[in-house]
Amino acid sequence: MKRERAVEETPDSDGIHPARKRRVQYGEEQAQLVKLYNDLADETSAVRLKAAGDLLRVLSEKSPSQGGLIDQAISRLVKGLCSARKAARLGFSIALSEVLRLALQLGYTENVDDFRLGALTVKVDQLTQTDNKASGQEKREYLLGRRFAYQAILQSDVGLADGVSSAEWQSLLSAIMLLAKQKDWLRSECGAVLYEYLHSGSGKRLSDERIQTLIDMLKEHKLLRSPEGVALWLIVEAHWPKTLPKDVWHKKDPLSGEELLQLRKILQGGGIEEQEGTNGKTSRPGTRQSQPSFVWKVLFDHLHSRKEKTFKRFSEEVITEGFFAASSSAERKAFGLQIVRLAVSSAPCPYLRYILSQTVLRTVINHRGEANRTLFEAAKLPLDQVVQRTKHEPTVADSFFSPMALHGAFDQSTKSKTIEGLLQHADVDALQRIVATVNDLVAQAKTESSDQVDSRRRVLADVLLTALRNNREPSRLLKQGKDLAAWARDVFHILTSFGYVAAEPLPSPPLSEASRSIFRSRLMSCLNSVMDQSPGTAVAASTYVLDLLHNSRKEAHKKLSKQAAETLRAARKHAQGMEGADNAGVAGQAYKLLFNLSMLQVYNEEIDSVEALQDLNNTFDGKQSGGEATTMLVELLLSLVSKPSALFRKLAEQVFAAFAAEMTSDGLQSLIDILEQKEGLSGQQALFQDQNDEDARMEDATSEQQSEDDGIDVEDMSDVELVNGEEAGSKSDESEDDADDSSSSESDSAEGSGDDEEAVFDRKLADALGTAKADEGSDDDESDMDDEQMMALEPHLTNIFKERKKDASKKQEGKDAKENIINFKNRVLDLLNIYVKGQYGQTLALDLILPLTILVRTTTSKPTSEKAFAVLKQYFDSCSKHKTLPQPQDQEACSSVLQAVHEEMKKGGSKLHANACSRSSLFLAKVLVALDPQHYPQIAQMYAALQSQWYLDPKSKVHGSVFTEWTSWSLATRKQPGSKTILKTPDRLTSPVTPSSSTAHPYHGDVSHERRLPPAEIRQILHEVTTLLKDRGETVSIAETAAGGLISSSILSTPGASQIYKGGLTLYTLPSRIAYAGWSQETIANYKGPTTEIVAGLAQHVRKDLESTYTIAESGTAGPTGARRRIERRGMWRWLWILRGGLLRRS
């Protein structure tokens, strides 16, 4: 029997049943909600926020199903909060708080019981329960989901709703308390939920009644004296002080001095009130935190607003004694280090020194001392935070520095760069306070023992040096770009005072001579650092130091002699006279700096410093009177570079560069004399003592012989490790057998030398004893001397052993002398490099070629040999770069130097030496030919004679490459009809040269030929093309073979060609194509003449290297009857040129 259809179930006019309509509509709503829930778990914040807004709009629509949809949404969102996905919790929390706000409104305005606070609290508890089979991780996620659900309820402003009863509010707080007591980590989470709510805008509007209920619930659940309870107490004290009970903390203040001991226990995790467990027994929960909870930040925020005394006491009694006591475990110290890191990141500047207590810093030092210590990495966390804080807040640097400076070499002890980071990031005001701290610590050195005083003061002197080195930029070092900044003046003042002055009040304990020496040394190092910036800065600093010394001369630690004082007075007068505008340039600053540092040498009591300053005074007087003083100045500079001081070396180079243009032949000869000295004891005595020693000459002779026997090819053996220019055990690349033989002979020689020394010693000993050396098979006992005879022999034996010791001492002395001479030569080569780089056009520079070439061969030091070659190369390259050659008046003398270079070639040597000789010879040839092309036959005869000797003598030491390079240069520079001359440097690099009337180069003069290039018929085309390329900002490069440079020459003949011409290659021969066009053996094997593919390959290679817009490539066959040329233009045009009878025309 069918049920009668109800009236409301009658189908609509469209024939669709209402129930079906409801099912379809419900399905669409559900599909929309599913998408919104998926978006709420999206990783993108904007997507989550949009989904939350859309969900709220859907649920806000009035409909019969609104309540069901809201209830369903609450269930779905609470379940979503139990997800392990972080993004899901974030999105669902935002949505849940707004949905709950909507639900509570319906619950209390429309009396929907399921949407009242009590029902919602129970619903959350039920939805976040797990069964007994759930894993530990799953239980943790559901507990976290409950925590976030309770937070969403609070954020829905339930505490402000008028309809919410006190019982319902209490039930919510009770649920939160019960959750907090389940796990220690949940207590921290729930405490954070309550604190964040009270700290929010809505929470701060809660009534006293609501807060009183919260306090009562905390007290009931014994959570007031927990870390989280302390944080909640502090925020309630700030906003609802009347609600706090009196019987919990002394004067209602957990931060009071009387409560710090109890507070320390609570924060350590052992002072929480006992609570009843599930089995009815009481338990004391402990905590093992890996990270500081939110409570610590709350505590520090409140302490920062308290008096400094309160913060100091908290830091000492809670942090230092609570976490860094001697009995503290490694885990507790590790946690304490994280607390220190947190405190460092936010504490006000005056409070920072209390955080880094001596106990804390000792813990850091102890655990950073060795990498295998348990807290080695943990101890670095606060140090990194210190540097990071200083980087973002430079003014706090001195607050960190002060406690660290008491521990001596802090960076070294902690294997960090903390002090260096502080000095690097500190602002100028903090730097000045740091420097003042250093001054106080030096004056009153506080150490555990007197033996550490010098060491501690050395560290403090190093701090001043580091501060200056890390802040030597002019913006920080100078004030208004001229005078020294206040902190920099203080640095120089401290170093000067403690290094030279003995004024009251005296340091305690008194400065030792070793400490004063350290301060003087660091002063010179500081001057060396500022010299890197500019001579003007160095002048300002050194002048300030000299003024201090002059003003405190009566309190000087050591009194100067009368001669030194008079010399200083004259020098000071000269230096003051150079302060005018006429001496403001580089030369004037260099000269004044030379005076300043020379005066400092006198104060330092350097050997011969008074005499050197007198010479400088005389030099200045001679210069002022118009005399020639350059030679004496060079001698003074040599005395500076001979010192083992980077400061004086830089000074010498600066002064030398300023006066290089005034160099005389005598001054240059003084430099050359150094290069010609023997690298041994006699050379050192000749330079520094002006006396000859027979033993030294013998030692040098031996050393020179060994050098010739053991010569090293400095190019072939570039991987040889050398110590002071000597080979450290390797074989020659030339022949392994020869190397083995040489090695054997060296070993035999060394052993023989040792045997000879032993034999001489035995012979002397036998003569003194009056005995002959016993035969090997003799068993006779020759010890038949009595006591008197032995006593008589004692003086003879003493002399014999003294002589042996003296011989060993002489060998070491000779070795040291060799190192000194080599270092001196290297310094002189640095000066010569400066000279040739700036004075390449002076004829005087030609005098350097032969000595430098000889030095490449004769020096026993590979680095010195390479440096000498580098000076030659710099000279030749400078002339090539500036298209300038020296023009000697005495052409015969130039020819003699060329002949001497050829004689030097015959002496052989390394490949580097052969290269030096060849390049020097070609350079001199260019100079002579530039003066007069008729010199070429004479030069050619020199080369021919040298080549004949090389060809006929199998033992000739001349390298064959010399003649190859000569021939190549001759072919390259020979004047060809219809072509421009190309300047070829000795290393076969080419560059176009513009005619110049200022030089007499054969390739600089006017080219007078029967026909001019380019031919008249293509000049207009070249002009149009050049103009078009310039207008378009485009460039062209050339790759030509048979044309031999004619294409480049034609383009370069057009005015303004430098703007569009990127360069070109003349690839006339197969070797040139292998070297410069990327040809391989496969290319050569497949070569079938000048095809399109060949030309295209040349164009592509050159265009890639020179990065031009277009490339013209050409190849063909040249002959007396002419040949057709194909030149491909990679771009918009393709040209065809024909060469006939020296004429170039377009076809």
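For the sequence shown, the numbering used here assigns the number 1624 to the last residue and increments by one with no breaks.
Think of the CB as a built atom: it goes at the ideal place given N, C-alpha and C, for glycine as much as any other residue.
If you're wondering where the values come from, they're calculated on a predicted model, not measured in any experiment.
Annotated three-state conformation of Ile743 is helix, per DSSP.
Taking the Cα positions, Ser1438 is about 19 Å away from Ile1331. Cα atoms of Glu1290 and Glu1296: separation of roughly 10 Å, rounded to the nearest angstrom. The C-beta distance from Gly557 to Tyr627 rounds to 15 Å, too long to fall under 8 Å, and the pair is not in contact.
In the pairwise beta carbon analysis, the region 1361 to 1380 is classified as not touching the region 1335 to 1351: fewer than three pairs are separated by under 8 Å. Look at Gly680 here: in three-state DSSP terms it is helix. The Cβ atoms of Thr836 and Ser879 lie no closer than 7 Å to each other. Annotation for Ile692: Leu701, Val713, Thr720, Leu721 and Pro722 place their beta carbon closer than 8 Å to its own, counting only its chain and skipping 5 residues before and after. In terms of Cβ geometry, Ser1514 and Leu1408 do not form a close pair [threshold 7 Å]. Contact between the region 694 to 710 and the region 767 to 784 is established, with three or more Cβ pairs separated by less than 8 Å. Listed as beta-bridge partners of Gly1533 by DSSP are no residues whatsoever. Within a 10 Å sphere around the beta-carbon of Ile1084 sit fewer than 16 other beta-carbons, which makes this residue exposed. Close CB contacts of His1500 within its chain, under the 7 Å cut and outside five residues either way in sequence, are with Thr1531 (chain order). The beta-carbon distance between Ile816 and Ala824, rounded to whole angstroms, is 12 Å. This is too long to meet the 8 Å contact definition. The bridge partners DSSP lists for Ala1033 are Val978. Taking every protein chain shown into account, the CB of Arg845 has 16 or more other CB atoms within 10 angstroms, so this residue is buried. Inter-residue distance for Val1079 and Ser1086 is about 5 Å (C-alpha atoms, whole angstroms).
Between Ala807 and Thr851, the gap from beta carbon to beta carbon is short of 7 Å. Contact check for His1412 against Leu1423 fails: the beta carbons are separated by 7 Å or more. Judged by their CB atoms, Ala907 and Thr943 are not nearer to each other than the 7 Å cut-off. Its chain contains Asn1310, Val1313 and Lys1314 as the residues whose beta carbon lies nearer than 6 Å to that of Gln1351, once the 5 sequence neighbours on both sides are disregarded; these appear in chain order. Between the beta-carbon of Leu1023 and that of Asn1081 there is about 12 Å, and that puts the pair past the 8 Å contact cut.
Taking C-alpha positions only, Val841 is separated from Lys1292 by approximately 47 Å. Shown here, Gly1541 sits in a strand according to DSSP, grouped into three states. The three-state reading of DSSP puts Ala856 in coil, since its state is none of H, G, I, E or B.
With fewer than 16 neighbouring CB atoms inside 10 Å of its own CB, Gln1497 falls in the exposed class. Met1055 and Ala1015 have their C-alpha atoms roughly 15 Å apart. Taken through DSSP and simplified to helix, strand or coil, Gln659 comes out as coil. Distances from the alpha-carbon of Leu744 to those of Glu990, Trp726, Thr1560 and Val795 put Val795 closest. The region 951 to 963 makes no contact with the region 980 to 994; the number of CB pairs closer than 8 Å stays below 3.
Scanning its chain for C-beta atoms nearer than 7 Å, with the 5 sequence neighbours on each side dropped, one finds around Asp960 the residues Ala1017, in chain order. If you draw a 10 Å sphere on the C-beta of Pro1548, you find fewer than 16 other C-beta atoms in it, and that means exposed. By the criterion of at least three beta-carbon pairs nearer than 8 Å, the region 603 to 611 is not in contact with the region 578 to 593.
According to DSSP, Lys956 shares a beta bridge with Asp960. In the structure shown, the three-state DSSP call for Ala1590 is strand.
Contact annotation, Ile1151 with Val1305: C-beta distance approximately 5 Å; criterion of less than 8 Å satisfied.
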